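Number of protein chains: 4
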Amino acid sequence: MDATMMDAMSAEMKMPGMEMMDMAAMQACMDACSACEQACTVCSMQMMDCAPACMNCADMCNTMMRAMLRMQGMTPAAMMAMLDACIAMCQTCMDECMQHAENSDVCRMCAQACKSCMDACMAMRESMVKMAS
Amino acid sequence: MDATMMDAMSAEMKMPGMEMMDMAAMQACMDACSACEQACTVCSMQMMDCAPACMNCADMCNTMMRAMLRMQGMTPAAMMAMLDACIAMCQTCMDECMQHAENSDVCRMCAQACKSCMDACMAMRESMVKMAS
Amino acid sequence: MDATMMDAMSAEMKMPGMEMMDMAAMQACMDACSACEQACTVCSMQMMDCAPACMNCADMCNTMMRAMLRMQGMTPAAMMAMLDACIAMCQTCMDECMQHAENSDVCRMCAQACKSCMDACMAMRESMVKMAS
Amino acid sequence: MDATMMDAMSAEMKMPGMEMMDMAAMQACMDACSACEQACTVCSMQMMDCAPACMNCADMCNTMMRAMLRMQGMTPAAMMAMLDACIAMCQTCMDECMQHAENSDVCRMCAQACKSCMDACMAMRESMVKMAS
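Residue numbers (the working numbering), protein chains in the order written: chain G, 1 to 133; chain H, 1001 to 1133; chain Z, 2001 to 2133; chain L, 3001 to 3133.
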């Protein structure tokens, strides 16, 4: 999402039970989820081995990104659980794709996108823990 | 999914790291996720209060259902994390919709679909713990 | 969607510009889309040849089903265009899976689910043309 | 999708029956679909009037973007039909959101994202017609 839209839209993005959100962490997390969905979708089409993990990861990343665009319908507990699920799914997909990374540029890039998405979800999670305390 | 298709397809539904799956629990869980996605999608369109939670729940339920149809790309850890996320999201949506249940049949039915989905996800989770041990 | 929920929810399902909808045709179409999404999701995981068509078909069927659950946000023209897209995508997937139907029960069932979904979308389309005239 | 990934992945993006694709038009179209999905998702959460059209548009845009990432599973006819459906859905959402554009920055930006997506889908469609002839 571009910065102008993010500014205009951020007033809509308030989670009940969390007064403050780290909007920079959230923007980075949404962008990483979106990039990961795209990389996984392409990667799933080139090799049978990684297809199931890649599509599961693409769906989870899309669901995660949308949930960040709909903060009003989250609670801190649900958000944490979804971030954990997204991290676990990215880990699963990265582990699978790393096995083919030497032979396939697409797998290598998919694994990188999964790693970036995991990192961004972890940073988002930490920012929520910090702001809640 | 109807029973004939489930039988034919269940050979595809094997998770690495889990030799046995409780296929009856999985079928019940997929059906509950699908019903919950549909109920939440309708419910989200009738009242601003529940829209965000309902759409987050609909997306998570669809992602969960699809992951059960693509077991080859899961690990037990990722599956557990996704079931937890689905349970947390159903809880959030049910809590919201229960507040409007007296005034709205749609909200009441949505809350019931969320409750059924939570129960089915918990049963699925328990069956995995039992079979893993 | 079960019949009780459909009855309670059908008051929400009104498309601007279409006074009457054939609710039986719509229910049948939503059920066929949902079944097709599930069959395509499983089928996409077993063979590289059909994976891309199956996943495109699964996504289109889910989008189509959800649009029928959110009639308030459709126009007759957009609805017709989406039904045409769903029919075209089911045709593409069915053609692909029919090539493997002799060797794979999953492909054969996926092709059948695509055929049923096409038929249900065509019936829905015809009911709209009839009611509009 | 960033340019490096697009280069590496474009070898996977071949549609049967279309020897050449305008990759620049496709990249622009995918980016516009992704931006439109995000804008519509936020916009759907702020006002009951536009919620159904916005969510239908978000789902269609995501399905369209994914289909472009899975060209191997498309045919020219299915691709055209999906582009038409995406254009019709963006038009419906834009028309709705334009009615609230004076009072809501989010609606105005959503309408702009729908307009950009329509334009990019039309350009993609024209590039296909040109290359097919």
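Ideal Cβ positions, reconstructed from N, Cα and C, are used throughout, including at glycine.
Computed from a prediction, not measured in an experiment: that's the story for all the values here.
On a Cα-Cα basis, can you pick out the residue from R2125/Z, Q2099/Z, K2115/Z that is closest to D2049/Z? Q2099/Z
From this set, S3104/L, C3057/L, S3116/L, C3097/L, which residue's C-alpha is nearest R2066/Z's C-alpha? C3057/L
Distance between C3061/L and A2131/Z (C-alpha atoms, nearest Å): Note on residue identity: the sequence assigns Met, not Ala, to residue 2131/Z. So the alpha carbons of these two residues sit roughly 29 Å apart.
Chain G partners of M2048/Z, CB-CB under 7 Å? M48
Return the chain-ordered list of same chain residues with a C-beta closer than 6 Å to the C-beta of M3018/L, the five sequence neighbours on each side being excluded. P3076
Nearest chain G C-beta to L3069/L closer than 7 Å, yes or no? yes
Range covered by the alpha helix (DSSP H) that runs through T92/G: 76-98
Whose Cβ in chain Z lies nearer than 9 Å to the Cβ of M45/G? M2048, A2051, P2052, M2055
Looking at L3069/L: is its Cβ nearer than 7 Å to the Cβ of V42/G? yes
Measure the C-alpha to C-alpha separation of D59/G and E37/G and round it to an integer number of angstroms. 7 Å
M1118/H, enclosing alpha helix (DSSP H) - first and last residue: 1105-1132
Among A3035/L, M3026/L, M3047/L, T3004/L, which has the Cα closest to the Cα of M3122/L? M3026/L
Of all the CB atoms in chain G, is at least one closer than 7 Å to the CB of A1081/H? yes
Does DSSP classify A3101/L as helix, strand or coil? coil
What in chain L is Cβ-close to N62/G, meaning under 7 Å? N3062
Determine the contact status of C2090/Z and C2117/Z, defining contact as a CB-CB distance below 7 Å. yes
Taking the straight line between their C-alpha atoms, what separation do you get for C2110/Z and N3103/L? 48 Å
6 Å Cβ shell around E96/G - same chain, five flanking residues per side excluded: C50, A53
My understanding is that M1074/H touches T63/G, with C-beta atoms under 8 Å, so please give their C-beta distance in whole angstroms. Actually they are not in contact, since the Cβ atoms of M1074/H and T63/G sit about 15 Å apart, beyond 8 Å.
Measure from the C-beta of D2022/Z to each C-beta in chain H and report whether the shortest distance is under 7 Å. no
Residues in the same chain with beta-carbon distance under 8 Å from M3045/L, minus the five sequence neighbours each way, listed in chain order, please. A3051
According to DSSP, is E19/G part of a helix, a strand, or is it coil? coil
Tell me which residues of the region 2011-2042 of chain Z have at least one Cβ-Cβ distance to chain H shorter than 9 Å, keeping chain order. A2011, E2012, M2013, M2030, S2034, A2035, E2037, Q2038, A2039, T2041, V2042
Proximity winner among C1086/H, A1081/H, I1087/H, relative to I87/G (alpha-carbon distances): A1081/H
So the alpha helix (DSSP H) C3054/L belongs to, where does it begin and stop? 3051-3069
Is the separation between the beta-carbon of M1124/H and that of C1029/H shorter than 7 Å? yes
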